[in-house]
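**Q** First residue of the sequence shown? That's 4 in the numbering used here, and the numbers climb one at a time after it. From the three backbone atoms N, C-alpha and C, an ideal C-beta is built for every residue, glycine too.
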Amino acid sequence: MECFIRNFIYVYRSKKCITNHWREIFDPAAQIFLNSNVMYKDSNETDNYICNIPKPQLIDEELRDKLRSPRKYQNKVFERDGYKCRYCGIRLISQEFIKLFIKNLDSPIFQKGATNLSVHGIIINTWPVADHVFPWNMGGQTNLENLVSSCGSCNYGKDGYTCEQLGIEDPLLRKPILDKWDGLLSRINELKRV
Ligand SMILES: [Zn+2]
């Protein structure tokens, strides 16, 4: 079993606690990837930490794709991938829907703030991100061939590593699972009437 852990920042404060907890619940032999520069804030441990995986080898900046942000392609990527995370398969909700929902709900709790701790956990897990499968700073291109839809957990957990380095399957080798799920795009008009 492989897992990325990032969002446990809301509950747990030590990597030992998280690792043990995860193994108790799910799989004693689980290969745990902890990746956080937020989780250990309280103990001044701010370095990223991934079990036994060396730091990614970055390439010179001038060799990287001039376009880093996937924004130009992201909606096409989400639609192609049926609004599901290509790593873990979780359903994602369109950014437009979430923004409108936040506005309508008008709750101090359900917010997408500027910091990790001010983003509601549900939003972290459902907000779609277009992720570079082969990391941009290792030479990955910002285009439809190298971007996949990702949930926040997988995006954060994968960080700047390749699938090979993490020992996970390349999501581009699997076709997107398309069904009726559309990231709630078809329900946006209902929210607009609220
Ligand atoms: Zn995911």
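To test your reading of the DSSP string, which unbroken alpha helix (DSSP H) runs of 4 or more residues are found completely within the stretch 85-127?
**A** The qualifying runs are 98-108.
**Q** Identify every residue that forms a DSSP beta bridge with V136.
**A** V136 pairs with nothing; no bridge assigned.
**Q** Ignore the nearest five residues each way along the sequence and tell me which others in F7's own chain have a CB closer than 6 Å to its CB.
**A** At F7, the pLDDT of 47 sits below 50, so the modelled position is not reliable and the matter cannot be decided from this model.
**Q** Who does S156 pair with in a DSSP beta bridge?
**A** According to DSSP, S156 bridges with nothing at all.
**Q** Compute the Euclidean distance between the alpha carbons of E99 and N146, then round it to the nearest angstrom.
**A** Rounded to whole angstroms, E99 to N146 spans 22 Å at the Cα level.
**Q** Under 8 Å between the Cβ atoms of M141 and Q60?
**A** Cβ distance < 8 Å, so M141 and Q60 count as in contact.
**Q** In angstroms with no decimal places, state the Cα-to-Cα distance between D50 and K87.
**A** With a pLDDT of 40 at D50, under the threshold of 50, the modelled position of that residue is not reliable, and no figure is offered here.
**Q** Just checking my contact of I101 with T129 at CB under 8 Å: how many whole Å lie between their CB atoms?
**A** Indeed, because the Cβ distance is near 7 Å, the residues count as touching under 8 Å.
**Q** Kindly indicate if chain D contains any beta-carbon less than 8 Å away from that of T118.
**A** Although the question refers to chain D, the structure presented lacks it and comprises just one protein chain.
**Q** According to DSSP, L150 sits in a beta bridge with which residue or residues?
**A** Answer is H135.
**Q** Please confirm whether any heavy atom of ligand 1 lies closer than 7 Å to the CB of C166.
**A** Checking every heavy atom of ligand 1 against the Cβ of C166, none is found closer than 7 Å.
**Q** Looking at the secondary structure, which residues open and close the alpha helix (DSSP H) in which Y76 lies?
**A** Its alpha helix (DSSP H) spans residues R74 to R83.
**Q** Determine the contact status of L103 and I191, defining contact as a CB-CB distance below 8 Å.
**A** Against a cut-off of 8 Å, the Cβ pair of I191 and L103 comes out as a contact.
**Q** Short check: CB of R89 to CB of S152, under 8 Å?
**A** It is a contact, given that the beta carbons lie within the stated cut-off.
**Q** Hey, is Y90 close to ligand 1, as in C-beta under 7 Å from one of its heavy atoms?
**A** Correct: Y90 has its Cβ closer than 7 Å to ligand 1.
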